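Numbered according to numbering that gives the first Met the number 0, the sequence shown spans residues 0 to 302. Just so you know, even glycine gets a beta-carbon here, dropped at the ideal spot from N, CA and C. Keep in mind the model is a prediction, meaning the values are calculated, not measured. One structure below.
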Amino acid sequence: MQAKRLVLGASGLIGQGLIQYFGPIGTIGTSFTQNSPGLITFDANTHSLAPLIKDLKPGSPVFFLIGMTEIDQCARDPVGSRVLNVDLMINHLQIIMSAGLLPIYMSSDSVFDGKEGNYVEESETKPLHLYGRQKLEIEKFLLKSAKPHLVLRLPKVVCSIPRKGTVFYEWVEAIKFGREIQCATDQVFSPISLSDLSRTVAKIIDNREFGLFHLAGPEAWSRAGLFDLLVEELSRYGKVTHRMRRCSIHEFPQLLEDRPLNCSLNIGKLISVLGSQISIRPMREVCATVAKSIAIASGSHSK
Numbered sequence: 000m001q002a003k004r005l006v007l008g009a010s011g012l013i014g015q016g017l018i019q020y021f022g023p024i025g026t027i028g029t030s031f032t033q034n035s036p037g038l039i040t041f042d043a044n045t046h047s048l049a050p051l052i053k054d055l056k057p058g059s060p061v062f063f064l065i066g067m068t069e070i071d072q073c074a075r076d077p078v079g080s081r082v083l084n085v086d087l088m089i090n091h092l093q094i095i096m097s098a099g100l101l102p103i104y105m106s107s108d109s110v111f112d113g114k115e116g117n118y119v120e121e122s123e124t125k126p127l128h129l130y131g132r133q134k135l136e137i138e139k140f141l142l143k144s145a146k147p148h149l150v151l152r153l154p155k156v157v158c159s160i161p162r163k164g165t166v167f168y169e170w171v172e173a174i175k176f177g178r179e180i181q182c183a184t185d186q187v188f189s190p191i192s193l194s195d196l197s198r199t200v201a202k203i204i205d206n207r208e209f210g211l212f213h214l215a216g217p218e219a220w221s222r223a224g225l226f227d228l229l230v231e232e233l234s235r236y237g238k239v240t241h242r243m244r245r246c247s248i249h250e251f252p253q254l255l256e257d258r259p260l261n262c263s264l265n266i267g268k269l270i271s272v273l274g275s276q277i278s279i280r281p282m283r284e285v286c287a288t289v290a291k292s293i294a295i296a297s298g299s300h301s302k
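Now the structure itself:
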């Protein structure tokens, strides 16, 4: 079967979600490492895109999930992060657009300074850290290209079935083993579940929408508030004891750069375009699914 789409960086959380949603048939996925089953090894610094896109039809989507994504890692290596996140990104985007394909660039809510929240697509951008500035630079490049493209600004992505390395997994593990965790009360975001994200991306593509969209959950949450919600849902299956300490984001001395406080995203544009096709679950429903999966795994689910 002819390839229908390309996911660059399919070994990460969002890439895995897209592969799972679309299925491996017709989907080409890449990974930087050589030990990712079902994925093609691709080094953005040395490998050519030509073999990956030769069978794609014009207009086929190419997801850009590659790059240096840790905020503090970018700060520690400004030269290296620029090469990966800006210079090479632009080169590969130009190749994709010249081939008549549709680049889908995953940007971030961190293009905002976090002073207001409830940002719409046209809100003033003013990133506080290098990673956000690099994301914004690519957004502006695509806008100036005048070629069909999609830029999706994303918030924190969570999983209704906890996966290692995701926030719910880390919290559940901390509760399980009695570890202390700190949750900021003053940093607000609009989390979305991985499955809702993947499904909504597919709807945007099917509708042949282009340009900039906020793809986020319908609610704004602090980390502490989201933790409380998870505990509330877990408590439906038994007593939950935890060592969560509320704090300010400013109490994390290891952070190399300032973090925006309120990056909640307004998804009104997305709703107006997709209408009844959009289905993004509130976090209570997501947390309820997490709690149920944990209860089933531990044998405490009685229904």
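Against chain C, does residue i count as a neighbour if the rule is that its beta carbon must be under 8 Å from one of theirs?
{"i": "Pro161", "result": "Among the chains of the structure shown, chain C does not appear; only one protein chain is present."}
What separation, rounded to the nearest whole angstrom, lies between the Cα atoms of residue i and residue j?
{"i": "Phe230", "j": "Arg4", "result": "Sequence inspection shows Val at residue 230; the Phe mentioned does not correspond to that position. Cα-Cα distance, rounded: 39 Å."}
{"i": "Gly304", "j": "Arg242", "result": "The shown model of the chain, from 0 to 302, leaves out residue 304, and the question about it has no answer."}
{"i": "Gly164", "j": "Gly16", "result": "14 Å"}
{"i": "Lys114", "j": "Ile270", "result": "24 Å"}
{"i": "Val171", "j": "Gly216", "result": "21 Å"}
{"i": "Gln186", "j": "Leu228", "result": "16 Å"}
{"i": "Lys238", "j": "Ala287", "result": "15 Å"}
{"i": "Leu153", "j": "Ala74", "result": "20 Å"}
{"i": "Glu232", "j": "Trp220", "result": "16 Å"}
{"i": "Phe251", "j": "Arg244", "result": "12 Å"}
{"i": "Phe140", "j": "Ile89", "result": "8 Å"}
{"i": "Ser278", "j": "Val119", "result": "19 Å"}
{"i": "Phe188", "j": "Gly224", "result": "11 Å"}
{"i": "Ala98", "j": "Leu135", "result": "24 Å"}
{"i": "Met96", "j": "Pro102", "result": "7 Å"}
{"i": "Ser192", "j": "Ile13", "result": "10 Å"}
{"i": "Lys302", "j": "Leu38", "result": "Per-residue confidence for Lys302 stands at a pLDDT of 48, beneath the threshold of 50, marking its modelled position as unreliable; the derived number appears in the next sentence. Roughly 38 Å between the two C-alpha positions."}
{"i": "Asp42", "j": "Asp71", "result": "22 Å"}
{"i": "His91", "j": "Gln19", "result": "24 Å"}
{"i": "Arg258", "j": "Asp86", "result": "24 Å"}
{"i": "Met67", "j": "Lys146", "result": "25 Å"}
{"i": "Cys182", "j": "Leu255", "result": "18 Å"}
{"i": "Thr199", "j": "Gly131", "result": "23 Å"}
{"i": "Ser106", "j": "Tyr236", "result": "37 Å"}
{"i": "Leu48", "j": "Asn265", "result": "35 Å"}
Residue i: buried (16+ other C-beta within 10 angstroms of its C-beta) or exposed?
{"i": "Val110", "result": "buried"}
{"i": "Asp108", "result": "buried"}
{"i": "Asn306", "result": "It is not possible to answer for residue 306, since the shown part of the chain is limited to 0 through 302."}
{"i": "Lys155", "result": "buried"}
{"i": "Glu69", "result": "exposed"}
{"i": "Gln133", "result": "buried"}
{"i": "Ile295", "result": "exposed"}
{"i": "Gly28", "result": "buried"}
{"i": "Pro50", "result": "exposed"}
{"i": "Gly274", "result": "exposed"}
Between the options, which has its C-alpha nearest residue i's C-alpha?
{"i": "Gly11", "options": "Phe62, Leu55 and Lys56", "result": "Phe62"}
{"i": "Glu263", "options": "Ser297, Ser122 and Phe209", "result": "For the record, residue 263 in the displayed sequence is Ser; it is not Glu. It is Ser122."}
{"i": "Cys158", "options": "Thr40, Ser144, Ala2 and Ile293", "result": "Ile293"}
{"i": "Glu218", "options": "Asn117, Ser35 and Asp205", "result": "Asn117"}
{"i": "Phe167", "options": "Ala290, Asp42 and Ile70", "result": "Ala290"}
{"i": "Thr184", "options": "Ile248, Gln1, Ile160 and Lys134", "result": "Ile248"}
{"i": "Ser297", "options": "Lys175, Gly79, Val78 and Phe31", "result": "Lys175"}
{"i": "Leu196", "options": "Pro281, Ala98 and Pro259", "result": "Pro281"}
{"i": "Leu149", "options": "Pro60, Arg283 and Arg81", "result": "Pro60"}
{"i": "Leu260", "options": "His128, Ala98 and Gln253", "result": "His128"}
{"i": "Gly8", "options": "Thr40, Gln1 and Tyr130", "result": "Thr40"}
{"i": "Glu179", "options": "Val6, Glu138 and Phe226", "result": "Phe226"}
{"i": "Lys268", "options": "Arg162, Tyr236, Ile203 and Ser144", "result": "Ile203"}
{"i": "His213", "options": "Ser47, Val272, Lys53 and Leu64", "result": "Val272"}
{"i": "Ser80", "options": "Glu169, Ile94 and Ile65", "result": "Ile65"}
{"i": "Ser194", "options": "Asp76, Pro77, Glu284 and Arg207", "result": "Glu284"}
{"i": "Glu169", "options": "Arg222, Ser35 and Ile94", "result": "Arg222"}
{"i": "Pro126", "options": "Ile137, Asp112 and Glu138", "result": "Asp112"}
Go ahead and pull the three-state DSSP assignment for residue i.
{"i": "Val150", "result": "strand"}
{"i": "Gly8", "result": "coil"}
{"i": "Ser107", "result": "strand"}
{"i": "Gln181", "result": "strand"}
{"i": "Asn261", "result": "strand"}
{"i": "Ser47", "result": "coil"}
{"i": "Ser59", "result": "coil"}
{"i": "Pro213", "result": "The amino acid at residue 213 is misidentified as Pro; the sequence shows His. His213: strand per DSSP, three-state reduction."}
{"i": "Ser189", "result": "coil"}
{"i": "Ser30", "result": "strand"}
{"i": "Thr40", "result": "strand"}
Unbroken beta strand (DSSP E) runs of length 3 or more, entirely within the segment 216 to 250: which are they?
242 to 246
Write down every uninterrupted run of the beta strand (DSSP E) in the segment 116 to 171 whose length is 3 residues or greater and which is fully enclosed by it, in chain order.
149 to 153
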